Amino acid sequence: MPQSDLFSASRQYSSLEDVLNAIRGMKDDPLVNAGTNVVISRGNPNAKLLIIGEAPGTQENIQGKPFVGPAGQLLDKILQAANFDPEKDVYITNSVFRMPPGDDGKAFRKPTDQEVEYYRPFVFEIIRLIDPRVILLTGNVACQSVLKKTGITTLRGQWTQIEGRWLMPIFHPSYLLRNPSREPHSPKALMWDDIREVRRKYEALTISTSPLP
Ligand code: URA
1 MPQSDLFSAS
11 RQYSSLEDVL
21 NAIRGMKDDP
31 LVNAGTNVVI
41 SRGNPNAKLL
51 IIGEAPGTQE
61 NIQGKPFVGP
71 AGQLLDKILQ
81 AANFDPEKDV
91 YITNSVFRMP
101 PGDDGKAFRK
111 PTDQEVEYYR
121 PFVFEIIRLI
131 DPRVILLTGN
141 VACQSVLKKT
151 GITTLRGQWT
161 QIEGRWLMPI
171 FHPSYLLRNP
181 SREPHSPKAL
191 MWDDIREVRR
201 KYEALTISTS
211 PLP
């Protein structure tokens, strides 16, 4: 597929509100009977930094907003450590918009390939309508949704440029919660390297788009 076609969805919406309403009104999606809330996004729709996660968990399902449970609290701390305000500088969404039902006694499970594929066109429409300069893909499911590939340990920290946007896979904050070591080369240490690089790119892009004096 040519890279310029990567974000083209078969159905295009004329505004962010239209796509959000379409997602809220979905009746034929594979997770229609899952969760109790449709969980789409939070943050500033004018932000130049978009973060895409996996799927809502228990807290997100209750509150109707992505990344508000323990992983979200860690994500906010990581953003703040790199001088991003999670409410003003960032828009946050997910790869699927309802909490996948749990199995093996767990509260929720990872989304299936079929679920990721179903919601992908809506994710692409959110990308098109938010029009971010930088996109962070947290974990393998977000990489599968947007880049159509996985392998987070090799993909993380690498920039890909698509249609004028800079995309970087980063570890999912839940993975960091399970791996709390801060030793050199630990997931947390690598995340710190990655978010500093994101800050550097964000500032370089902001500078390069400033009007000439
Ligand atoms: N993990 C995600 O990927 N998204 C959420 O909204 C919450 C946890």
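Each residue of the sequence shown is one higher than the one before, starting from 1 at the first, in my numbering.
Here a beta-carbon is modelled for each residue, glycine too, at the ideal position from N, C-alpha and C.
A quick note: this is a predicted structure, and the numbers were derived from the prediction, not measured.
Rounded Cβ spacing between residue i and residue j (contact assumed at less than 8 angstroms)
i      : j      : result
Val39  : Pro66  : 6 angstroms
Val198 : Leu167 : Not a contact, Cβ separation roughly 11 angstroms.
Pro45  : Tyr91  : 6 angstroms
Met99  : Glu60  : 7 angstroms
Asp194 : Arg156 : 6 angstroms
Pro173 : Asn179 : Rounded, the Cβ-Cβ distance is 11 angstroms, inconsistent with contact.
Ala82  : Arg196 : 6 angstroms
Contact check, residue i vs residue j, beta carbons under 8 angstroms
i      : j      : result
Ser133 : Leu205 : Note on residue identity: the sequence assigns Arg, not Ser, to residue 133. In this structure, Leu205 lies closer than 8 angstroms to Arg133 by Cβ.
Pro101 : Arg109 : yes
Phe7   : Arg182 : no
Tyr202 : Leu49  : yes
Asn37  : Gly64  : yes
Glu125 : Tyr13  : yes
Thr153 : Gln144 : no
Residue interval of the alpha helix (DSSP H) (run including residue i)
i     : result
Ile23 : Leu16 to Arg24
Where the beta strand (DSSP E) containing residue i begins and where it ends
i     : result
Ser41 : Ser41 to Gly43
Val90 : Val90 to Thr93
Worksheet item: Is the segment 75–85 touching the segment 110–129 in the sense that three or more CB pairs, one from each, lie closer than 8 angstroms?
Response: no
Discussion item. Below 8 angstroms, how does it come out for the segment 48–60 and the segment 134–147: are there three or more Cβ pairs, yes or no?
Written reply: yes
Fill in: Completely contained beta strand (DSSP E) runs for the segment 122–189, where each covers 3 or more residues
134–138, 160–162 and 165–170
Worksheet item: Which parts of the segment 47–86 are runs of the alpha helix (DSSP H), unbroken and 4 residues or longer, counting only runs that do not cross its ends?
Response: 58–63 and 70–81
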